[in-house]
Structure formats: C-alpha cells, structure tokens
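Numbering (the numbering used here), first residue to last: 3 to 282.
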C-alpha cells in the first residue's frame, strides 16, 4: 500500500476525532480522578482514569486530561477518544504472577506514551500515538498497530512481539521479539532483534537485523520487497535469509553469519558482500 493511501486512512481517523472532540467539549467536565469499571461515554475528565483488577472499562468519545492506567487482569476499550497523558496496560499481579490484560484503541489520539508490560495484548487501529514502549519478559507482550501514526519511537523489549501494518512511524523502531512490518513507513532507524522477522512492502531509513531463526525481507507476492534508503546490516547469525525484490540505496553489511541465503530481483546501490552478491 502506498504512503498516500496510508495517510488518507489516518486522515479519516483524524477527521472523525475532530468531530468527536467538538462533542466532548460540550460535555460536562468531571474534575476528579475516576475509577472505571463500566462504560464512560461523551465525558471530559480532568484527572486520571484507573481500571482496577478484574474490571472491564470502555471509554467512548471521551477526553481525558490525565493518564489512563489499567491494572492486571483487565479489559480496556478506547474509541474515538483523546487521552492527554499516558496509557499504561499492566499484565502482572503480585510477585510478578501473570494476569493477562487486553486493550483495544480505535480512532483515538494519545498525546503521551502508550506502555504495556508482560502478559498483555494491545491492538491499536486508526489512531495517532506519541510513542510506544512494550516490555515483555517471561510472559510475552503482544502489540499490533494497524493504520496508525506514531509521532516518535516504538521500543519493544524482552519478548515483545510486534506487528506494524499500514502505519507510519516518524521515529525509530527497535524490537526484541517476533517482528512483522508490512506496508509501513519507518522514518528513523529500524533495529530488529528477533527470533523471527518478516518485513514486507515497507520503507525504511537504515535497517539493522539480528534474527537467529529466519529473516524474510521481501518474499514474492506474499511478502513484497522493501525500499531501504540507507544501509541494510545483519549484525548476528541468521540461519535462513530470504531477500527478494528489495531496493537498497546504501551498503549491505554482514557483521555476523548468514548460513543460508535465498533471493533475487534485489537492487543494491552500495557495497554488497560476496555472500549476497548473487541475489540481485
């Protein structure tokens, strides 16, 4: 999908939010912290919103001037809302025992940071975020961004699986977990440190890949090639590399070891190691 199509999709979400914001502005303001255990609709909250353990909270057409924090074992749904603060989703209870939580954010704006911990699943669609921090651990964190714009960085650490699709990242992308980037733009540096990665039809500046099991960087119709305006670097061992239909303007570097490499129809603009020279 082209950059223009992605921007149209995000623009439609922004237009929807503008209308929602006008409605929220006319709503009665709540000037206190709120504990959410049900549905809040069309409210303007000047304070923090907390979701206690075991609860389900829906924010619909809401403006929050504060932070939204969901405890472990919760379900959070945010739609057509604006959060002027951070959103934190927790998945660990006492003594770090897993109590999985889920969060769905649709057609919303978060001006602070979206943070998730271990044992959480967060899905963001048609929204605008400031930055994202995902921290897994013994229990994997799952993050999916679709048709979403991130103004700064996405940082995913310690077994955080990340999928970015039809989205724009204006900062850096740094992952440690299974990573899928499809039909998206990453304006900053992308560092993918994953057990397995799949990068399809996207635009990157510099791209650094450390993927032990397998790296698929373009693979025919199922995973179209990428446009890399800077360097492509493989920093550690990659057992199986698939490199198909990519345009790499800078140098291609192999600092680690690539055991098997398959590919064709790549355009290399800079230096290419002998191991990959036959993949053009």
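Ideal placement from N, C-alpha and C gives every residue a C-beta, glycine not left out.
150 is the residue among 214, 150 and 197 whose C-alpha sits nearest the C-alpha of residue 187. In this chain, residue 73 is not harboured by any alpha helix (DSSP H), its DSSP state being neither H nor E. For the pair residue 141 and residue 272, the Cα-to-Cα distance works out to about 41 Å. Counting only runs of 3+ residues, the beta strand (DSSP E) found wholly inside the segment 208-243 occupies 209-219 and 234-236, in chain order.
For residue 118, the closest of 139, 99 and 191 by C-alpha to C-alpha distance is 139. For residue 77, the pairing in a beta bridge is given by DSSP as 58 and 104.
DSSP places residue 279 in the helix class (H, G or I) of the three-state scheme. In the three-state scheme derived from DSSP, where H, G and I count as helix and E and B as strand, residue 255 is classed as strand. The shortest CA-to-CA distance from residue 242 to any of 55, 280, 219 and 203 is the one to 219. For residue 42 and residue 191, the gap between their C-alpha atoms comes out near 39 Å. The segment 82-101 makes contact with the segment 113-127; the number of CB pairs closer than 8 Å reaches 3 or more.
Rounded to whole angstroms, the gap between the alpha carbons of residue 206 and residue 126 is 21 Å. With a contact defined as Cβ atoms closer than 8 Å, residue 104 and residue 77 qualify at about 5 Å. Between residue 180 and residue 163, the CB-CB gap stays under 9 Å. One thing to note: residue 146 has its Cβ no nearer than 9 Å to the Cβ of residue 171.
Inter-residue distance for residue 276 and residue 183 is about 27 Å (C-alpha atoms, whole angstroms).
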